[in-house]
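Below: one structure, written as C-alpha cells.
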Ligand SMILES: C[S@@+](CC[C@H](N)C(=O)[O-])C[C@H]1O[C@@H](n2cnc3c(N)ncnc32)[C@H](O)[C@@H]1O
C-alpha cells in the first residue's frame with residue numbers, strides 16, 4: 001500500500017497534536033513529569049488485593065510499573081516496503097550499534113518484538129548515558145526521524161499493537177474502528193486490508209484475460225475490495241486521524257465523526273435479492289469491529305506519569321457505562337459470524353471483564369455472543385487470562401466483593417460513593433461465562449505497558465435489551481440523590497456526558513447519556529433518525545463489487561462555510577463523483593493511455609459543484625457506494641479518497657494538465673500505457689534524480705542521467721511514471737554485501753515531470769532526503785539545478801553582453817533560448833509551488849551530527865502524534 005510523505009508533521013514537538021512548543025519547554029515538562037512521585041496508596045492497594053498476580057510476581061510488576069517505558073516503533077506501509085526499510089536498520093545501524101562497548105559490555109541495541117509478524121515492530125531500552133556517548137545513535141536517530149517524517153516508521157506502544165493482530169482480518173473485509181484517533185491501530189488495520197494488493201495487481205497486469213486467477217481477492221482485478229471506517233467522536237481528534245490515514249494513501253478508508261454509543265447505521269445500495277425480491281433499505285454490517293474504547297488508561301502509567309497523581313477508583317467506574325454502550329452498539333452492527341475486538345489500556349476489571357459480561361448479557365447471553373479463546377494467538381507474547389472474579393473499589397476507597405454487599409451497605413453507609421456502583425460492574429452470576437479467554441498483558445511480562453484484549457464472536461442475530469436504569473432509591477443512599485449530575489456542567493456535552501470539544505471525558509459520570517436511546521433497534525443518529533439494520537433481512541449479503549452507472553450529483557447549495565476560527569461544528573466539503581465521460585477524464589485516459597481495466601467511474605472531487613477543477617480523488621467501489629447512498633442522511637464523513645490527479649498549467653495543448661499525484665500513483669501505475677513509462681535500473685541514476693531538482697536532460701548534463709536521460713528524449717512533455725526496476729538480489733549482489741552494487745533491490749515508482757529542458761522527480765524534499773539516507777547513506781544537500789543553469793546563463797549572458805557592448809541578443813536562436821528559459825522558469829516555479837514538488841526554500845543541510853540523549857533519540861520521531869492509548873484526561 002502507498003505511503004505519503006510530505007513534510008515534517010505540523011507542530012512536530014507539540015505532543016498530542018498540540019501547538020508547537022519551544023524545545024526547552026518540552027524538557028521542562030518532561031523533567032516535571034519525572035518529578036512525580038511514583039506511588040498512590042489506593043492504586044497500589046486496589047491492584048494488590050485483586051490477586052491478579054502471584055505474590056512472587058507482584059514485586060516485578062510494581063517495579064516495572066515505576067520504570068520508564070522503552071521506546072518502540074513499527075515499520076509501516078506495504079509489507080514489501082516496510083521490510084525494505086527494516087532491512088536498512090538491520091544491515092547498517094544495528095551492526096554499528098552492537099559493536100559499541102561500554103564499561104566492558106556491549107550496549108543494548110534496538111530489538112525486534114518477538115511475537116510481531118515478520119519482526120516489523122522494534123523496541124529499545126538503551127539508557128541515556130550510553131546514548132550520549134556514542135555517535136552511531138545520533139545517525140540512527142537521523143534515520144528514525146527521516147523515515148518517520150515520510151511515514152515509513154510509526155512510533156507506537158508495543159502493547160497497543162496487539163488488538164489489530166488478533167482480529168483475523170482478511171483483505172476483502174469491511175471493518176469499523178469505533179474509537180480510532182489518533183489512529184495507530186487504524187493504520188495497522190488498513191495495512192491488513194491492503195495485504196498482497198500490489199502483487200495481485202501486477203499479476204493481473206502481466207496475465208492475459210484467461211490466466212487471471214479466480215476468487216474474491218481478484219474480484220476487482222487484484223485491488224483490495226475491503227473497507228475501513230475509522231471513527232472518533234472528537235472532531236479535532238478525527239482530523240488527527242485523517243492526517244495519519246492520509247499517509248497511507250488508501251482509497252479503502254472513510255473517516256467519520258460520531259459518538260460510537262449511537263453510531264448511525266450506514267445505508268448501502270438497494271439491489272434486489274438473488275431471487276429478485278426488491279429490498280428497499282439495506283444497511284452495512286461489518287466483518288470486524290475494533291472497540292478500543294476510552295478508558296482510565298492506568299496501563300499507560302509508565303508513559304503518563306500523571307496517573308500516579310490522579311488515579312482514583314472513580315476513573316474506571318465513570319467510564320463503565322459508556323464502554324458497555326460502545327460494545328453493545330458494536331455487536332449490533334456486526335455480521336453474524338463477525339468479530340468485535342474489545343480493548344483498553346486499563347487493568348481495571350470494571351472497564352474490562354465487567355464490560356464484556358454486561359454487554360453479552362444485554363445482547364442475549366453467551367449463546368448469541370461468544371468469548372473467543374485468545375491463549376494460542378501471537379505465540380511468544382506473555383499474557384495472563386482474563387479474570388472471572390474481582391472486587392470493586394468505591395470512590396471512598398472501600399472494597400466491595402459483590403453486589404449484594406453493596407445493597408446491604410447502602411443501608412448503613414451514608415455517603416454518595418456507593419451511588420457510583422452498579423450491579424453490572426460485578427462478576428456475572430453466570431459463572432461459566434468464559435471471561436478467562438480474554439488476555440491481560442502486564443508491564444513486567446515483557447517490559448511494556450499494560451493492555452486488555454478480548455474477542456467476541458456474534459453467533460446469531462441479536463436484539464439488545466434496553467439499558468436498565470440504576471435501581472437506586474433515595475433511601476438506598478441515606479443521602480439526597482442529586483438530580484441531573486451528568487457531568488455536563490460546562491455545557492459542552494456530546495450527549496455522552498463527555499466534553500468532545502476538548503477531548504476530555506468526565507470519567508466520574510456514571511449516568512446514562514443525555515441523548516438516550518429508547519430502543520436499541522431504532523437508533524437516532526445525531527442529525528437524523530436512521531433506521532436500524534436489525535430490522536433488515538440480515539441474510540442479504542453485500543453484493544460483490546460492481547460498477548454501477550456513474551451518478552453525477554446535482555450541484556447542491558453550498559452550506560455557509562464557517563470561518564476556521566468558529567469551526568466547533570464539523571464542516572466538510574462534499575464528496576461528488578464524476579461522470580466517466582466528461583472531457584477531463586477522457587483527456588487523462590488518453591494521455592496516460594490507461595488500460596480499460598482501470599475503473600474511470602470512481603473519480604471524485606471535493607467541491608459542491610462537482611467540477612473537476614483542481615484535484616481529482618479516487619476511492620474504492622464500496623467507499624463510493626457508501627458516500628453516495630448516505631449523502632444528506634446525517635452521516636458525518638470527514639475524509640475519503642486518495643488524491644490521484646492535480647491540475648496545473650500545461651506548456652502546450654497536447655500536454656495533459658492533470659499530473660499524477662504520488663499518493664495515487666501506486667493505484668494507477670500498473671494501468672498506465674508504456675508510452676508514459678520510463679524505467680530506471682541504475683542506482684546512480686536514482687541518486688542523481690533524488691539529489692538534483694530540475695536536471696537538464698540534454699547535452700552533458702543529460703548524459704549524467706544515464707538510461708533515464710536516453711529514454712526521456714523520445715517522451716512527450718508532461719507527467720510520466722518512473723519505475724525503478726530491482727536488478728539486485730541477495731544472490732547477485734557483489735562480494736561484501738552492503739550498498740556497493742549498481743542496481744537496486746526494491747521496486748519503486750515515482751511521478752516524473754518532463755519540461756522543455758529539464759526533468760523533475762515529483763517527490764517532496766523530506767522523502768528525497770529519507771530515501772538518500774536509506775538507499776545511499778547519503779545526506780548530501782539537495783541541489784536545485786534550475787538555479788545552477790539559470791545562474792550560468794546569467795553569467796554567460798553578462799559575458800556576451802560585455803563582448804557585444806551590451807547589445808541585446810536579437811538573433812533567432814538567442815531569442816528562442818530566452819523564451820524557452822522563461823517558460824521553463826514559469827513551469828518550474830509552478831511545479832515548485834505544488835504540494836508534492838520540492839518547496840522553494842533554501843536547501844538546508846541535515847546539520848552536523850550531535851550527541852543526543854534517550855528522550856531526544858525518539859523526540860523528533862512522531863512527536864506530534866498522540867500515541868497514547870489513554871485517550872482520557874484524568875480530571
Ligand atoms: C483509547 S483512544 C483510541 C486509540 C486509538 N484506537 C489508537 O490506536 O490510536 C480512545 C478514543 O476514543 C474516542 N472516544 C471517546 N468517547 C467516544 C465515543 N463515545 N465515541 C467514539 N469515540 C470516542 C476518544 O476521542 C479517543 O480518541
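Residue numbers (UniProt numbering): 1 to 875.
Ideal Cβ placement from N, Cα and C applies to all residues, glycine included.
If you're wondering where the values come from, they're calculated on a predicted model, not measured in any experiment.
Cβ neighbour criterion (16 or more within 10 Å) applied to residue i
i, result
"residue 342", "buried"
"residue 443", "buried"
"residue 192", "buried"
"residue 852", "Summary for residue 852: the model assigns pLDDT 40, below 50, so the residue's position carries little reliability; its value from the coordinates is reported in the next sentence. Classification of residue 852: buried, given that the 10 Å Cβ count is 16 or more."
"residue 133", "exposed"
"residue 964", "Nothing can be reported for residue 964, as the shown portion of the chain is limited to 1 through 875."
"residue 90", "exposed"
"residue 118", "exposed"
"residue 739", "Because the pLDDT at residue 739 is just 48, under 50, the model does not fix this residue reliably, and the value given afterwards should be weighed accordingly. Label assigned to residue 739: buried."
"residue 810", "With a pLDDT of 32 at residue 810, under the threshold of 50, the modelled position of this residue cannot be trusted; read the value that follows with caution. By the neighbour-count rule (16 or more Cβ atoms within 10 Å), residue 810 is not buried but exposed."
"residue 106", "exposed"
"residue 79", "buried"
"residue 231", "buried"
"residue 571", "exposed"
Residue from the options whose Cα sits closest to the Cα of residue i
i, options, result
"residue 241", "588, 294, 185, 276", "185"
"residue 752", "676, 682, 707, 706", "676"
"residue 626", "174, 160, 117, 131", "174"
"residue 907", "294, 348, 322, 237", "Since the first residue shown for the chain is 1 and the last is 875, residue 907 is missing from the structure and cannot be characterised."
"residue 630", "206, 78, 269, 669", "269"
"residue 161", "226, 75, 726", "75"
"residue 413", "53, 400, 107", "400"
"residue 724", "575, 708, 702", "708"
"residue 580", "601, 121, 124", "601"
"residue 125", "633, 354, 64", "64"
"residue 261", "419, 721, 294, 70", "294"
"residue 158", "73, 245, 276, 711", "73"
"residue 263", "286, 273, 271", "286"
"residue 624", "576, 634, 779", "576"
Closer than 7 Å: residue i CB and nearest ligand 2 heavy atom
i, result
"residue 48", "Ligands present in the displayed structure are limited to ligand 1, and ligand 2 is not among them."
heavy atom of ligand 1 below 7 Å from residue i C-beta
i, result
"residue 920", "Beyond the ends of the chain as shown, which are 1 and 875, falls residue 920; an answer cannot be given."
"residue 326", "yes"
"residue 261", "yes"
"residue 182", "yes"
"residue 211", "no"
"residue 303", "no"
"residue 237", "yes"
"residue 228", "no"
"residue 160", "yes"
"residue 642", "no"
"residue 148", "no"
"residue 154", "no"
"residue 272", "no"
"residue 246", "no"
"residue 322", "yes"
"residue 185", "yes"
"residue 231", "yes"
"residue 298", "no"
"residue 331", "no"
"residue 381", "no"
"residue 178", "yes"
"residue 294", "yes"
"residue 234", "yes"
Query raised in the report: Which whole runs of the alpha helix (DSSP H) in the region 25-93 are 4 residues long or more, in chain order?
Result: You should have 41-49, 55-66, 79-88.
Query raised in the report: Which runs of the beta strand (DSSP E) fall wholly inside the region 367-430 and span at least 3 residues, in chain order?
Result: Every unbroken stretch of the beta strand (DSSP E) spanning 3 or more residues and falling wholly within the region 367-430 is given here in chain order: 369-372.
Query - Inside the region 109-182 only - alpha helix (DSSP H) runs reaching at least 4 residues - result: List check, alpha helix (DSSP H) in window: 128-133, 135-149, 162-165.
Query - Entirely enclosed alpha helix (DSSP H) segments - the region 227-308, minimum 4 residues - result: Annotation: the region 227-308 contains the following complete segments of the alpha helix (DSSP H) (minimum length 4 residues), in chain order: 235-246.
**Report entry** Inside the region 584-658 only - alpha helix (DSSP H) runs reaching at least 4 residues
**Finding:** Within the region 584-658, the complete alpha helix (DSSP H) runs of at least 4 residues are 621-629.
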